[in-house]
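So the sequence lines, in the order shown, correspond to chains A and B. Just so you know, we're using the working numbering here: the first sequence kicks off at 82 and counts up by one. Just so you know, we're using the working numbering here: the second sequence kicks off at 4 and counts up by one. Glycine included, each C-beta is placed from N, C-alpha and C at the ideal position. Note that the structure is a prediction, hence the values are computed from the model and not measured.
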Amino acid sequence: DAGITQSPRHKVTETGTPVTLRCHQTENHRYMYWYRQDPGHGLRLIHYSYGVKDTDKGEVSDGYSVSRSKTEDFLLTLESATSSQTSVYFCAIGTGYGYTFGSGTRLTVV
Amino acid sequence: AQKVTQAQTEISVVEKEDVTLDCVYETRDTTYYLFWYKQPPSGELVFLIRRNSFDEQNEISGRYSWNFQKSTSSFNFTITASQVVDSAVYFCALIGRTDKLIFGTGTRLQVFP
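Shown next as structure tokens:
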């Protein structure tokens with residue numbers, strides 16, 4: 082009964098192709114976040130949303146776009162995937178009172 | 004700007020040893036929240052503790068304890084009598100007024116039998 086799910090869990094794509102990752106929540110949280118995790122860098126914030134159609138950039142937003150057309154879904158798009166975007170991507174929901182993370186999406190760009 | 008520093012990249016201990024994971028943070032906000040998360044080899048992120056900036060009381064939960072000191076901007080995590088199951092990557096995180104949850108780079112803890 083996870084309140085947050087990510088899809089797909091794994092994906093291999095070719096350089097230059099567009100890729101969309103989906104984060105779905107059933108908790109009706111206002112705030113949603115996308116992070117990438119890379120060795121030596123921890124989790125770095127890509128984009129976050131504070132409401133439907135309200136989004137803002139994080140520290141590593143170049144090459145990524147997001148959309149949130151309804152409360153429960155937060156999409157992360159790589160318009161033209163590059164090898165440097167090979168990573169594990171995590172979605173999170175919550176506020177200062179606590180955050181819940183999805184299981185992650187392992188994306189490989191070849 | 005907000006920043007979280009976990010200077011210890013990797014720590015190795017033998018079972019039953021005590022180990023402390025350091026976390027130093029930077030923020031200009033007076034109201035903020037600090038977190039610790041555990042990431043076991045399976046990859047999920049497991050919430051351990053949340054502390055707000057107005058509560059400097061130390062906390063103990065079983066073998067885990069946390070020391071929050073605003074004077075040194077530190078929120079350190081101690082595992083007493085470590086066990087092999089404690090092997091994981093541990094992340095410290097901070098959020099203030101900007102609504103951006105910022106993580107440190109993590110500390111990999113290896114506990115050997």
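Inset, instruction - Using alpha carbons as the reference points, say which of A/Arg-111, A/Pro-99, A/Leu-156, A/Gln-118 lies closest to A/Gln-87. - result: A/Leu-156
Inset, instruction - Check distances from the C-beta atoms of the stretch 158-172 of chain A to those of chain B and list, in chain order, the residues that come in under 9 Å. - result: Val-169, Phe-171
Legend entry - Selection from A/Cys-172, A/Leu-126, A/Thr-189 that minimises the alpha carbon distance to A/Ser-164: A/Thr-189
Inset, instruction - Per DSSP, which residues does B/Cys-95 bridge with? Please list them. - result: B/Trp-39
Inset, instruction - Please confirm if A/Leu-188 has its CB atom under 9 Å from at least one CB of chain B. - result: no
Legend entry - Under the three-state DSSP convention, the category B/Asp-102 falls into: coil
Legend entry - Boundaries of the beta strand (DSSP E) in which A/Cys-172 is found, first to last residue: 168-176
Legend entry - Under 7 Å by beta carbon: chain B residues contacting A/Gly-185: Gly-46
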